[in-house]
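Novice:
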Amino acid sequence: MDTKTFKRNLQQSKNYHRKGFGHQEEVAGVLNSEYESSLIKTIRENNYQITKGDVTIRLAEAFGFCWGVERAVAMAYETRTHFPTEKIWITNEIIHNPSVNERLREMNVGFIPVMDGEKDFSVVDTGEVVILPAFGASVQEMELLNNKGCTIVDTTCPWVSKVWNSVEKHKKRSYTSIIHGKYNHEETIATSSFADTYLVVLNMDQANYVSDYILNGGDREEFLSMFANAHSQGFDPDKDLERVGIANQTTMLKTETEEIGRLFQQTMLKKYGPTELNDHFMSFNTICDATQERQDAMLDLVKEKLDLMVVIGGFNSSNTTHLQEIAIDYNIPSYHIDSANRIDSENNIEHKPLKKDLEIKHHWLPEGKITVGVTSGASTPDKVVQDIIEKIFALKNDSLK
């Protein structure tokens, strides 16, 4: 498929909407009441710090809702306002936050069901309204919905669209897109759908393996087995790694994306020499500003004297997970939770350790004066952060006296 032409034609369709429906002021008031927090505003104004009794909270100086997330949620609310009685669907979670997605369900927005790992679009009738989430949707999904005559409301983050444009440039020059991301993440699935040839690498270990294969060759079947489900159909590492372009899932660690880009630049330089480098390597800056700002703020926060860190966000939120990784790198006890309901009145917390299932930590708040670092992923409303901070204050200063 000529994905660039398809997208251009879709955007010119009367059934396609990307700029809302003119209900911004009405929706803004609702969003403020549901998601903003007077406590968080006070903490920001107090140099991102607040102390009550034995607890000092230190907030990261960049956290929570980013512009792209705010835009997506606002557009979803506008869509319900503009179509008050129509059936509305969304192809995936609007963002990775359980409270926001549950609120949309309460607004009678239906989520496309998944059967045996595949989305079942048969539930969508001709002409119904369908929202594309902040992570985007694959070209194939957009084509299917367009063919059904659906009204499409596209809330895709512009930073994600920027990555898609880079992949289109790779494709135009017959480069393989090497995408730093998680192959089964909806954003990476959408990005790879714009490529002819692609390979998804999760981390530096996988990138180093690919680099070594480019320089020295290797076992083709082992390569394909290692990257099963993470490459385009018919991918041949002996042919498709001669010309590569770098792309990324916008929520990955900025430093790792940059390191992977430098690795492949040096790999192609070593193999083909400086005069031919531009014929074998392409790279564009597609690192999301908001992701970078939150990671940089976390790096500043973990250098302070903290007794523990609370990282708030959906358990399937990639950018939140990477914030937790930073705390772990600095040997700070960290607890990844998605809501205040994970903390009970007996000083227990149900949290998700990195790459593990949920578990309960008993007596997680130590006795005496403590300083707690707090940050949240780009899909987390301030109201959720407030509820957790208030729970910590109440638990520490009342129950643990």
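All the letters of the sequence shown, read from the start, carry residue numbers 1083 to 1483 under the numbering used here.
We put the beta carbon where it would ideally sit given N, CA and C, even for glycine.
Computed from a predicted model, the values in this text were never measured in an experiment.
Pull up the DSSP beta-bridge partners for histidine 1433, would you.
Specialist: Along the sequence shown, read from residue 1 onward, the residue named residue 1433 stands at position 351. According to DSSP, which records beta bridges pairwise, histidine 1433 is partnered with Glu1441.
Novice: Rounded to whole angstroms, what is the Cα-Cα separation between lysine 1438 and glutamine 1406?
Specialist: Start at 1 with the first residue of the sequence shown, and residue 1438 comes out as number 356. Start at 1 with the first residue of the sequence shown, and residue 1406 comes out as number 324. Cα-Cα distance, rounded: 13 angstroms.
Novice: Taking 7 angstroms as the cut-off, decide whether the C-beta atoms of valine 1212 and cysteine 1239 are in contact.
Specialist: Translated into positions along the sequence shown, residue 1212 becomes position 130. Translated into positions along the sequence shown, residue 1239 becomes position 157. Contact: no.
Novice: State the Cα-Cα distance for the pair threonine 1252 and glutamate 1304, rounded to the nearest angstrom.
Specialist: Within the sequence shown, residue 1252 is the residue found at index 170, counting from 1. Within the sequence shown, residue 1304 is the residue found at index 222, counting from 1. Strictly speaking, residue 1252 in this sequence is histidine, with threonine absent from that position. When rounded, the distance between both Cα atoms is 26 angstroms.
Novice: Flag this pair as yes or no: are the beta carbons of glutamate 1118 and tyrosine 1130 separated by less than 7 angstroms?
Specialist: One-based indexing of the sequence shown puts residue 1118 at position 36. One-based indexing of the sequence shown puts residue 1130 at position 48. In this structure, tyrosine 1130 does not lie closer than 7 angstroms to glutamate 1118 by Cβ.
Novice: Report the three-state DSSP secondary structure of isoleucine 1172 (helix, strand or coil).
Specialist: Along the sequence shown, read from residue 1 onward, the residue named residue 1172 stands at position 90. Strand, per DSSP.
Novice: Figure out for me which residue from Thr1173, Phe1165, Asp1464, Leu1447 has the closest Cα to the Cα of isoleucine 1425.
Specialist: Reading the sequence shown from its first residue, position 343 is the one you call residue 1425. The shortest Cα separation from isoleucine 1425 among Thr1173, Phe1165, Asp1464, Leu1447 belongs to Leu1447.
Novice: Ordered along the chain, which non-local residues of its own chain (more than five positions away) have a Cβ less than 6 angstroms from that of asparagine 1174?
Specialist: The residue you call residue 1174 lines up with position 92 of the sequence shown. The answer, listed in chain order, is Pro1215, Glu1268.
Novice: List the whole-angstrom C-beta distance separating isoleucine 1452 from valine 1137, where the pair is believed to meet the contact cut-off of C-beta under 8 angstroms.
Specialist: Position 370 of the sequence shown, counted from the first residue, corresponds to residue 1452. Position 55 of the sequence shown, counted from the first residue, corresponds to residue 1137. So it is a contact: roughly 6 angstroms between Cβ atoms.
Novice: Compare the beta carbon distance of isoleucine 1261 and alanine 1329 with 7 angstroms and say whether it is the shorter of the two.
Specialist: In the sequence shown, the residue the question calls residue 1261 occupies position 179. In the sequence shown, the residue the question calls residue 1329 occupies position 247. In contact: isoleucine 1261 and alanine 1329 (Cβ atoms closer than 7 angstroms).
Novice: Does the Cβ of glutamate 1223 have 16 or more other Cβ atoms within 10 Å, making it buried, or fewer, making it exposed?
Specialist: By one-based count along the sequence shown, residue 1223 stands at place 141. With 16 or more other Cβ atoms within 10 Å, it is buried.
Novice: Going by DSSP, what residue range makes up the alpha helix (DSSP H) through alanine 1110?
Specialist: Counted from its first residue, the sequence shown places residue 1110 at position 28. Alanine 1110 -> alpha helix (DSSP H) spans 1106–1117.
Novice: Ignoring anything shorter than 3 residues, give me the beta strand (DSSP E) runs that lie fully in the segment 1174–1230, in order along the chain.
Specialist: Whole beta strand (DSSP E) segments, 3+ residues: 1191–1193, 1211–1214.
Novice: For isoleucine 1271, I'd like the list of residues in its chain whose CB is within less than 7 angstroms of its CB, leaving aside the five on either flank, ordered along the chain.
Specialist: Counted from its first residue, the sequence shown places residue 1271 at position 189. Counting only Cβ-Cβ distances below 7 angstroms, and skipping sequence neighbours, we find Ser1220.
Novice: On the DSSP letters alone, give me the boundaries of the alpha helix (DSSP H) that glutamine 1377 sits inside.
Specialist: Looking up residue 1377 in the sequence shown gives position 295. Start and end: 1371–1383.
Novice: In terms of alpha-carbon separation, which member of His1418, Thr1457, Val1456, Val1454 lies closest to leucine 1440?
Specialist: Along the sequence shown, one-based indexing puts residue 1440 at 358. The shortest C-alpha separation from leucine 1440 is found at His1418.
Novice: Could you say if the segment 1373–1390 and the segment 1274–1285 meet the contact criterion of at least three C-beta pairs nearer than 8 angstroms?
Specialist: Too few Cβ pairs lie closer than 8 angstroms, so no.
Novice: According to DSSP, is threonine 1332 part of a helix, a strand, or is it coil?
Specialist: In the sequence shown, residue 1332 corresponds to position 250, counting from 1. The answer is coil: DSSP assigns threonine 1332 none of H, G, I, E or B.
Novice: Roughly how many angstroms separate the alpha carbons of glutamate 1449 and alanine 1409, rounded to a whole number?
Specialist: Against the sequence shown, residue 1449 aligns to sequence position 367. Against the sequence shown, residue 1409 aligns to sequence position 327. Rounded to whole angstroms, glutamate 1449 to alanine 1409 spans 21 angstroms at the Cα level.
Novice: Under three-state DSSP, which class holds leucine 1482?
Specialist: Sequence index remark: in the sequence shown, residue 1482 carries index 400 (1-based). With a pLDDT of 47 at leucine 1482, under the threshold of 50, the predicted position of this residue should be treated as unreliable, and no value is reported.
Novice: Would you identify the three-state DSSP class for leucine 1281, choosing helix, strand or coil?
Specialist: Within the sequence shown, residue 1281 is the residue found at index 199, counting from 1. In the structure shown, leucine 1281 sits in a strand (DSSP, three-state: E or B).
Novice: How about methionine 1189 and arginine 1153: are their beta carbons less than 7 angstroms apart?
Specialist: Along the sequence shown, read from residue 1 onward, the residue named residue 1189 stands at position 107. Along the sequence shown, read from residue 1 onward, the residue named residue 1153 stands at position 71. The answer is no: Cβ separation not under 7 angstroms.
Novice: Count the C-beta pairs between the segment 1118–1127 and the segment 1175–1188 that are closer than 8 angstroms, then say yes if the count reaches three, no if not.
Specialist: Verdict: no, contact absent.
Novice: With burial defined as no fewer than 16 other Cβ atoms inside 10 Å of the residue's Cβ, what is the status of asparagine 1479: buried or exposed?
Specialist: In the sequence shown, the residue the question calls residue 1479 occupies position 397. It counts as exposed.
Novice: For the putative contact between phenylalanine 1366 and glutamine 1347, defined by C-beta atoms under 8 angstroms, what is the C-beta separation to the nearest angstrom?
Specialist: One-based indexing of the sequence shown puts residue 1366 at position 284. One-based indexing of the sequence shown puts residue 1347 at position 265. The Cβ separation is near 12 angstroms, so there is no contact.
Novice: Run through DSSP, which three-state label would phenylalanine 1145 get?
Specialist: On the sequence shown, position 63 is the one that residue 1145 refers to. In this structure, phenylalanine 1145 counts as coil in the three-state DSSP scheme.
Novice: Secondary structure at threonine 1453, three-state DSSP: helix, strand or coil?
Specialist: To locate residue 1453, count along the sequence shown from 1; it is residue 371. Threonine 1453: strand per DSSP, three-state reduction.
Novice: Going by beta-carbon coordinates alone, are glycine 1396 and methionine 1334 separated by less than 7 angstroms?
Specialist: For the purposes of this step, residue 1396 is taken as residue 314 along the sequence shown, with counting starting at 1. For the purposes of this step, residue 1334 is taken as residue 252 along the sequence shown, with counting starting at 1. Against a cut-off of 7 angstroms, the Cβ pair of methionine 1334 and glycine 1396 comes out as no contact.
Novice: Under a three-way DSSP split, which group does aspartate 1236 fall into?
Specialist: For this step, residue 1236 is matched to residue 154 along the sequence shown. DSSP places aspartate 1236 in strand when its eight states are reduced to three.
Novice: Considering only heavy atoms of the ligand MG, does any lie closer than 6 angstroms to the CB of asparagine 1285?
Specialist: Because no ligand of any kind appears in the structure shown, any question about the ligand MG cannot be addressed here.
Novice: Give the straight-line distance between the Cα atoms of asparagine 1266 and glycine 1218, rounded to the nearest whole angstrom.
Specialist: As a first step, residue 1266 is located in the sequence shown; it is residue number 184 there, counting from the start. As a first step, residue 1218 is located in the sequence shown; it is residue number 136 there, counting from the start. The straight-line gap from Cα to Cα measures roughly 14 angstroms.
Novice: Only counting the same chain, and skipping five residues up and downstream in sequence, which positions put a Cβ closer than 7 angstroms to that of leucine 1482?
Specialist: Here residue 1482 is taken as the residue at index 400 of the sequence shown, counted from 1. Any answer about leucine 1482 is weak, because its pLDDT of 47 lies below 50 and its placement is not dependable; what the coordinates show is given next. Closer than 7 angstroms at the Cβ level, and outside the excluded window around leucine 1482, lie Asn1429, Leu1447, Glu1449.
Novice: Hey, quick one: how far does the alpha helix (DSSP H) through threonine 1273 stretch, first residue to last?
Specialist: Position 191 of the sequence shown holds residue 1273. Residues 1268–1274.
Novice: Considering phenylalanine 1363, what are the terminal residues of the alpha helix (DSSP H) in which it resides?
Specialist: Here the question's residue 1363 lines up with position 281 in the sequence shown. Looking at the DSSP string, phenylalanine 1363 is not in any alpha helix (DSSP H); the run it does join, the beta strand (DSSP E), is 1363–1365.
Novice: Does leucine 1345 come out as helix, strand or coil in the three-state DSSP assignment?
Specialist: What you label residue 1345 is simply residue 263 of the sequence shown in a count that begins at 1. Three-state DSSP puts leucine 1345 in a helix.
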